[in-house]
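Novice:
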Amino acid sequence: MRLFVALAPSEAALDDLEAACAPLRAGAAELRWTGRELRHITLAFLGEVGEDRLPALLPRLERAARRHPAFGLSIAGGGAFPSPARATVLWSGLAGDRKALGELAMSVGAGARRAGAAPPDEGRRYRPHVTLGRCRVPADLRQAVAELSGYAGPAWTATEIQLIRSTLGGQPRYQTIGAWPLKTGLFFRVSAPPGGGSGVPRG
Numbered sequence: 092m093r094l095f096v097a098l099a100p101s102e103a104a105l106d107d108l109e110a111a112c113a114p115l116r117a118g119a120a121e122l123r124w125t126g127r128e129l130r131h132i133t134l135a136f137l138g139e140v141g142e143d144r145l146p147a148l149l150p151r152l153e154r155a156a157r158r159h160p161a162f163g164l165s166i167a168g169g170g171a172f173p174s175p176a177r178a179t180v181l182w183s184g185l186a187g188d189r190k191a192l193g194e195l196a197m198s199v200g201a202g203a204r205r206a207g208a209a210p211p212d213e214g215r216r217y218r219p220h221v222t223l224g225r226c227r228v229p230a231d232l233r234q235a236v237a238e239l240s241g242y243a244g245p246a247w248t249a250t251e252i253q254l255i256r257s258t259l260g261g262q263p264r265y266q267t268i269g270a271w272p273l274k275t276g277l278f279f280r281v282s283a284p285p286g287g288g289s290g291v292p293r294g
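In the numbering used here, the protein residues as written are 92 to 294.
This is the structure in structure tokens:
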């Protein structure tokens with residue numbers, strides 16, 4: 092399974108971001124825009140993880156989540172990887188409590204590592220963002236980046252983390268495997284593991 096752990100922006104934040112991106116579409120024909128339902132803030136990309144790792148991984152993620160209180164974020168600005176002049180990814184950044192965001196990402200990565208599902212990019216600088224679109228070949232997206240530079244979306248409160256399965260090929264599909272609240276520990280849900288079963292017990 093190809094897995095990652097993420098935060099989901101609020102519906103209001105996604106609405107505002109979609110409105111901000113609408114004028115850019117005509118001038119960035121090279122981009123394959125990411126669907127609204129796929130937009131998220133990755134905390135840790137875990138890559139390929141065997142189903143046998145889930146019984147250890149899910150409780151670790153729950154513990155990581157409940158160590159951190161909810162915090163405020165907003166989507167803001169824009170950029171491109173690897174550079175605006177030769178871009179393959181257009182993104183928007185994050186404003187708000189970035190310190191809390193970074194600390195949560197570190198806890199999630201550490202929990203995954205202890206569960207035997209270490210992120211393949213562990214050790215790289217964490218660069219939180221929301222992917223807006225991708226190019227099959229490098230393209231000049233300097234104009235789009237410039238137009239996004241002053242963007243400031245509405246604030247929302249991050250209240251839970253999600254473990255998501257990503258299925259590639261054609262249109263990417265996401266399936267939420269589990270979700271855990273930050274700090275309070277008042278809410279817990281987990282879907283049945285792929286292939287059936289009754290879920291994973293709390294650790």
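Even for Gly, the Cβ is constructed at its ideal location relative to N, Cα and C.
1) Output the boundary residues of the alpha helix (DSSP H) element that contains ALA237.
2) Taking a contact to mean a Cβ-Cβ separation below 8 Å, would you say GLY224 touches ARG123 in this structure?
3) Which residue's Cα is closest to the Cα of THR133: ALA209, LEU145 and GLN253?
4) Do you know offhand how far ALA167's Cα is from CYS112's?
5) Looking only at its chain, what residues have a beta carbon closer than 7 Å to the beta carbon of ALA147, apart from the 5 residues adjacent to it on each side?
6) Compare the Cα-Cα distances from LEU115 to each of ALA99, GLY126, TYR217 and VAL236 and report the closest residue.
7) Only counting runs of 3 or more residues, tell me where the beta strand (DSSP E) segments fall wholly within the segment 239–275, in order along the chain.
8) If we count Cβ pairs, one from each stretch, closer than 8 Å, do we get three or more for the segment 180–188 versus the segment 216–233?
9) Touch check for the segment 93–103 and the segment 240–256: three-plus C-beta pairs under 8 Å?
10) Would GLY126 be called buried (16 or more neighbouring beta carbons within 10 Å of its own) or exposed?
11) Among GLU238, THR248 and ALA209, which has the Cα closest to the Cα of LEU145?
12) Please list, in chain order, all residues of the same chain as LYS274 whose beta carbon is under 7 Å from its beta carbon, the five residues on each side excluded.
13) Run through the DSSP bridge pairs and tell me what GLU139 is partnered with.
Specialist: With the given structure in hand:
1) As a position in the sequence shown, residue 237 is number 146, starting the count at 1. Here the alpha helix (DSSP H) through ALA237 covers 233–239.
2) Locating residue 224 in the sequence shown gives position 133, counting from the first residue. Locating residue 123 in the sequence shown gives position 32, counting from the first residue. Yes, these two residues count as a Cβ contact at 8 Å.
3) The residue you call residue 133 lines up with position 42 of the sequence shown. Among ALA209, LEU145 and GLN253, the Cα nearest to that of THR133 is on GLN253.
4) The residue you call residue 167 lines up with position 76 of the sequence shown. The residue you call residue 112 lines up with position 21 of the sequence shown. Between ALA167 and CYS112, the C-alpha separation is close to 12 Å.
5) By 1-based counting over the sequence shown, the position of residue 147 is 56. Once the five neighbours on either side are set aside, the close Cβ partners of ALA147 are ALA206 and GLY207.
6) Translated into the one-based positions of the sequence shown, residue 115 becomes position 24. Ranking the options by Cα distance to LEU115, first place goes to VAL236.
7) 247–249, 251–258 and 264–272
8) The segment 180–188 is in contact with the segment 216–233.
9) yes
10) The count along the sequence shown starts at 1 and reaches residue 126 at position 35. Per the 10 Å Cβ criterion, exposed.
11) The sequence position of residue 145 within the sequence shown is 54, counting from 1. Minimum Cα distance to LEU145 is reached at ALA209.
12) Along the sequence shown, one-based indexing puts residue 274 at 183. Correct list, in chain order: ARG157, HIS159, PRO160 and ALA161.
13) One-based indexing of the sequence shown puts residue 139 at position 48. DSSP, once it has assigned bridges, lists ARG93 as partnering GLU139.
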